[in-house]
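See structure below.
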Amino acid sequence: MMEEFKPVRSIFEIPRKERLAPGHRACAGCGPMIAIRQILLVSPEEPIVVNATGCVEVATSVYPQTAWIVPWAHVAFENSAAVASGVEAAMKSLKRRGGIDKERPVIVFAGDGGTFDIGLQALSGALERGHKMLYVCYDNEAYMNTGIQRSSATPYGAWTTTSPFGKVWPGKRERKKDIISIVASHGVPYTATASIYHWKDLMTKVRKALSYDGPTFLHVYAPCNRGWRFDPSLTVEVARRAVETRFFPLYEVEEGKYRITVPVPKPRPLEDFLSIQGRFRHLLRPEYREALETLKKMVDDRWTWLERMATATSKS
Amino acid sequence: MKDPKLKPQLRFQINPGGWFEGGSSVEYTTNDWRLERPVINLDKCVGCLYCWIYCPEPAIIPLDREGRGPTKVEVDYDHCKGCGICAQVCPTKAIEMVREEVKV
Numbered sequence: 114m115m116e117e118f119k120p121v122r123s124i125f126e127i128p129r130k131e132r133l134a135p136g137h138r139a140c141a142g143c144g145p146m147i148a149i150r151q152i153l154l155v156s157p158e159e160p161i162v163v164n165a166t167g168c169v170e171v172a173t174s175v176y177p178q179t180a181w182i183v184p185w186a187h188v189a190f191e192n193s194a195a196v197a198s199g200v201e202a203a204m205k206s207l208k209r210r211g212g213i214d215k216e217r218p219v220i221v222f223a224g225d226g227g228t229f230d231i232g233l234q235a236l237s238g239a240l241e242r243g244h245k246m247l248y249v250c251y252d253n254e255a256y257m258n259t260g261i262q263r264s265s266a267t268p269y270g271a272w273t274t275t276s277p278f279g280k281v282w283p284g285k286r287e288r289k290k291d292i293i294s295i296v297a298s299h300g301v302p303y304t305a306t307a308s309i310y311h312w313k314d315l316m317t318k319v320r321k322a323l324s325y326d327g328p329t330f331l332h333v334y335a336p337c338n339r340g341w342r343f344d345p346s347l348t349v350e351v352a353r354r355a356v357e358t359r360f361f362p363l364y365e366v367e368e369g370k371y372r373i374t375v376p377v378p379k380p381r382p383l384e385d386f387l388s389i390q391g392r393f394r395h396l397l398r399p400e401y402r403e404a405l406e407t408l409k410k411m412v413d414d415r416w417t418w419l420e421r422m423a424t425a426t427s428k429s
Numbered sequence: 361m362k363d364p365k366l367k368p369q370l371r372f373q374i375n376p377g378g379w380f381e382g383g384s385s386v387e388y389t390t391n392d393w394r395l396e397r398p399v400i401n402l403d404k405c406v407g408c409l410y411c412w413i414y415c416p417e418p419a420i421i422p423l424d425r426e427g428r429g430p431t432k433v434e435v436d437y438d439h440c441k442g443c444g445i446c447a448q449v450c451p452t453k454a455i456e457m458v459r460e461e462v463k464v
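For the protein sequence lines, the chains are A and B, in the order given.
If you're matching positions, the first sequence starts at 114 in the working numbering and goes up one per residue.
If you're matching positions, the second sequence starts at 361 in the working numbering and goes up one per residue.
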């Protein structure tokens, strides 16, 4: 079941009503904040926001002030999806008994730690029960709030304080968890990846996700200049290069059908993306050439797999 | 909260029950975080709003409402943290980052 939705065609149509106030304490050039602003701007109705612990929660709700102009609930790292389920169920019950006329959209904002690692079982439960909500994971690829510790979203070869590089380690030695496949295998109607540079793509995906009557998931790539070690002004440029080098493919899984929404026919060399970030800069040294080749192969393999999935599922 | 060392905006009044209004963080100014201030050259500005869509604050304010086509913008210098994303994404390079000077 899917309602009509309006794709975002022009920047001038986007409502200018801000749902996030300035004066929050996020770092200058914060990627997750850009993602959250863009998502809240295009939500057709005022949403109810459930926010897992993380950078965004800490920065926006310093007592006695709050940056949210929408109903907002802060919950622990692990149960944001469970609380959102409760909010949705309560609204459904109120509507049935005549308390409210219309249900509002429920949006969850959780970081990669609150989604990939700690909140995974609550997310899985909520997806299985089929609550109508949009779960947004803003992915800054480590636990930035507590001081750049690795998470299962950290890519191979990245430096963090708990995956340093040296004679033995090339940075993180494990690959990034494929959360979209995990979510899609629950049989949910819509999951997608998005990036803050491609705002039109991101906003259309938000509208599309909110039009479904069921759980939807959005994985938003949100660079963190403190943790990834680059200049604050380059946040958007890093997000752009991640897509243009095929490091972070933008695609959607709609009713089991894979579709690449931003095709990259001629990728830029991966070094363009790695060289502007301090966390990857060691990979460009000759002694880490093997690790760089491994990372390149991972990126290529992932794109090939994605193209194969897109062609295989589009025919049916 | 009468500590004279605190910024005036941190000497707050706590409401009974501890409630506070949505969007009240506008009372907190972050202009002293800034090393460089964005200065918009309105002659070069074409009103594409890229700076507005990429501002993490939001500290870029469009001067016209939606649905009316390109519009020029102004900067909210009380809340701009000076990250420089707006200058970086501007297609006509109409935004220049100027070093902040402190009067002693």
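All C-beta atoms in this analysis are idealised placements derived from N, C-alpha and C, irrespective of residue type, glycine included.
{"Asked": "Using a cut-off of 7 Å between C-beta atoms, extract the partners of A/Q178 located in chain B.", "Found": "F380, S384, S385, E387 and Y388"}
{"Asked": "Alpha carbons only, please: which of A/P268, A/K313 and A/E384 is nearest the one belonging to A/R415?", "Found": "A/P268"}
{"Asked": "Mind listing the chain A neighbours of B/R425? Cutoff is C-beta to C-beta under 8 Å, in chain order.", "Found": "R129"}
{"Asked": "For the segment 426 to 455 of chain B, list every residue whose C-beta sits within 9 Å of some C-beta in chain A, in sequence order.", "Found": "E426, G427, R428, G429, P430, T431, D436, D438, H439, C440, K441, G442, C443, G444, I445, C446, A447, Q448 and V449"}
{"Asked": "Exposed or buried, A/M115, counting other C-beta atoms within 10 Å across all chains shown (16 or more means buried)?", "Found": "exposed"}
{"Asked": "Taking the C-alpha atoms as reference points, what is the distance between A/E420 and B/V399?", "Found": "44 Å"}
{"Asked": "So is A/Q390 in contact with chain B if we call contact Cβ pairs under 8 Å?", "Found": "no"}
{"Asked": "Evaluate B/M361 with the Cβ neighbour count: other Cβ atoms within 10 Å of its Cβ, from every protein chain shown; 16 or more gives buried, anything less gives exposed.", "Found": "For B/M361, the pLDDT reaches just 45, beneath the cut-off of 50, and the residue's location in the model is therefore unreliable, leaving the point undetermined."}
{"Asked": "Taking the alpha carbon of A/D252 as the point to measure from, which residue in A/A235, A/G227, A/W272 and A/T273 has its own alpha carbon closest?", "Found": "A/G227"}
{"Asked": "Do A/Y248 and A/A194 have their beta-carbon atoms positioned less than 8 Å apart in this structure?", "Found": "yes"}
{"Asked": "Kindly give me the distance between the Cβ atoms of A/I149 and A/V169, rounded to whole angstroms, as I take these residues to be in contact under 8 Å.", "Found": "6 Å"}
{"Asked": "Where are the alpha helix (DSSP H) runs, 4 residues long or more, that stay fully inside the segment 158 to 188 of chain A, in chain order?", "Found": "168 to 173"}
{"Asked": "Taking its Cβ as the centre, do 16 or more other Cβ atoms sit within 10 Å of A/E254, making it buried, or is it exposed?", "Found": "buried"}
{"Asked": "Can you tell me where the beta strand (DSSP E) with A/Y334 in it begins and where it stops?", "Found": "P328 to Y334"}
{"Asked": "May I ask you to report which of helix, strand or coil DSSP gives A/D252?", "Found": "strand"}
{"Asked": "How far does the alpha helix (DSSP H) with A/R421 in it extend, from its first residue to its last?", "Found": "R402 to S427"}
{"Asked": "Excluding the 5 residues preceding and the 5 following A/W365 in the sequence, name in chain order all residues of the same chain whose CB lies nearer than 6 Å to its CB.", "Found": "In the sequence as presented, Trp is not what sits at residue 365 of chain A; that position holds Glu. Excluding residues within five positions, the ones whose Cβ falls inside 6 Å are A305, R372 and T374."}
{"Asked": "Could you check whether A/A307 and A/L331 sit closer than 8 Å to each other, using their CB atoms as the reference points?", "Found": "yes"}
{"Asked": "Can you tell me the Cα-Cα spacing of A/S123 and B/G429, whole angstroms?", "Found": "9 Å"}
{"Asked": "Does the beta carbon of B/I400 come closer than 8 Å to any beta carbon on chain A?", "Found": "no"}
{"Asked": "For B/P430, which of helix, strand or coil comes out of DSSP?", "Found": "coil"}
{"Asked": "From the beta carbon of A/I124, is the nearest beta carbon of chain B less than 8 Å away?", "Found": "yes"}
{"Asked": "Exposed or buried, which one is A/R402 when buried takes at least 16 other CB atoms within 10 Å?", "Found": "exposed"}
{"Asked": "So, with DSSP's three-state summary, where would you put A/K370?", "Found": "strand"}
{"Asked": "Measuring alpha carbon to alpha carbon, tell me which residue in A/G284, A/V171, A/R209 and A/K321 is nearest A/Q262.", "Found": "A/G284"}
{"Asked": "Going by DSSP in three states, A/A101 sits in which element: helix, strand or coil?", "Found": "Chain A is shown only over 114 to 429; residue 101 of chain A falls outside these bounds and no answer can be derived."}
{"Asked": "How should A/R242 be labelled, buried or exposed, when 16 other C-beta atoms within 10 angstroms of its C-beta is the threshold for buried?", "Found": "exposed"}
{"Asked": "Just to confirm, is the Cβ distance from A/P345 to A/G167 under 8 Å?", "Found": "no"}
{"Asked": "How big is the Cα-Cα spacing for A/K321 and B/E434?", "Found": "32 Å"}
{"Asked": "Can you pull the chain A residues whose beta carbon is under 8 Å from the beta carbon of B/P376, in chain order?", "Found": "Within chain A, no residue comes near B/P376; the closest Cβ sits about 12 Å away, beyond 8 Å."}
{"Asked": "Helix, strand or coil for A/R354, going by three-state DSSP, please let me know.", "Found": "helix"}
{"Asked": "Got a sec: is the Cβ-Cβ distance from B/M361 to anything in chain A below 8 Å?", "Found": "Confidence is the limiting factor: at B/M361 the pLDDT is only 45, short of 50, which leaves the residue's position unreliable, though a coordinate-based value still follows. B/M361 does not count as touching chain A."}
{"Asked": "Quick check: is the beta carbon of B/E460 nearer than 8 Å to any beta carbon in chain A?", "Found": "no"}
{"Asked": "Tell me, please, which residues DSSP counts as bridged to A/P283.", "Found": "A/F278"}
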